[in-house]
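Data block below; observations after.
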Amino acid sequence: TERQRLSAAQRELVLMMQEARQKARATHQPVRLGTRVMDEQGVQVTRMRWEALACSDAWGSVCPIPACEENACGVGGCECAELGPELVIPPKLDVAPLVGLCWLSDPGPGAPVVAPPAPGGKVCQQNDPLPPE
């Protein structure tokens with residue numbers, strides 16, 4: 001049923017977010033959530049995945065590369081070190097507040113998640129404000 005599909009997608013989304021957080025901590029590189037909408041046989045389908053953003057130096061001290069600050073992976077020169085599997089998002093599941101959600105390698109004393117303005121905002125910056133509650 002529709003309710004079961006929605007519930008399953010929510011569970012998969014939570015697992016995806018946990019994987020993204022773990023990836024950021026393990027690689028010391030920013031990892032963000034992104035979506036893309038595709039037309040599949042006349043139906044708009046939203047897919048979400050995590051993107052491990054590349055650094056511009058070998059030491060990982062300049063992350064993400066400038067091309068990724070306002071572009072998705074594979075767009076405008078934004079190269080990503082790794083991409084997570086895509087999750088099909090049911091039409092009734094609103095993931096708009098999660099687009100651009102970013103995990104940084106050092107969680108610090110507070111919450112490990114920084115949510116930049118999306119789309120078109122700076123992504124994965126240490127001083128971005130936390131999302132409103």
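Each residue of the sequence shown is one higher than the last, beginning at 1 in UniProt numbering. Glycine is no exception: its CB is placed at the ideal position from the N, C-alpha and C atoms. It should be emphasised that the depicted structure is a prediction, and the values quoted were computed from it without experimental measurement.
For the set Leu104, Met48, Glu69 and Val62, the Cα lying nearest the Cα of proline 85 is the one of Met48.
Annotation for alanine 20: the continuous alpha helix (DSSP H) segment containing it runs 2 to 27. Its Cα nearest to that of cysteine 63, the residue Cys55 stands out among Glu69, Glu70 and Cys55. Residue pairing by DSSP places cysteine 73 opposite no residue, since no beta bridge is assigned to it. Between alanine 24 and valine 14, the gap from beta carbon to beta carbon reaches 8 angstroms or more. Per the coordinates, the alpha-carbon of glutamine 4 lies some 10 angstroms from the alpha-carbon of glutamine 10. Around glycine 34, the same chain offers Met48, Arg49, Trp50, Glu51, Ala72, Cys73, Val99 and Gly100 as residues with beta carbons nearer than 8 angstroms, after the five sequence neighbours per side are excluded. Here glutamine 29 is buried. Its C-beta has 16 or more other C-beta atoms within 10 Å.
Contact annotation: leucine 53 and cysteine 68 have beta-carbon atoms nearer than 8 angstroms.
The alpha-carbon of aspartate 39 is positioned some 6 angstroms away from that of valine 45.
About 7 angstroms separates the beta carbon of isoleucine 65 from that of glutamate 79, a gap short enough to meet the 8 angstroms contact definition.
Under DSSP, the beta-bridge partners assigned to cysteine 80 are Leu53. The three-state secondary structure of leucine 98, taken from DSSP, is helix. Considering only Glu2, Asp57, Leu93 and Gly42, the residue with the shortest C-alpha distance to alanine 81 is Asp57.
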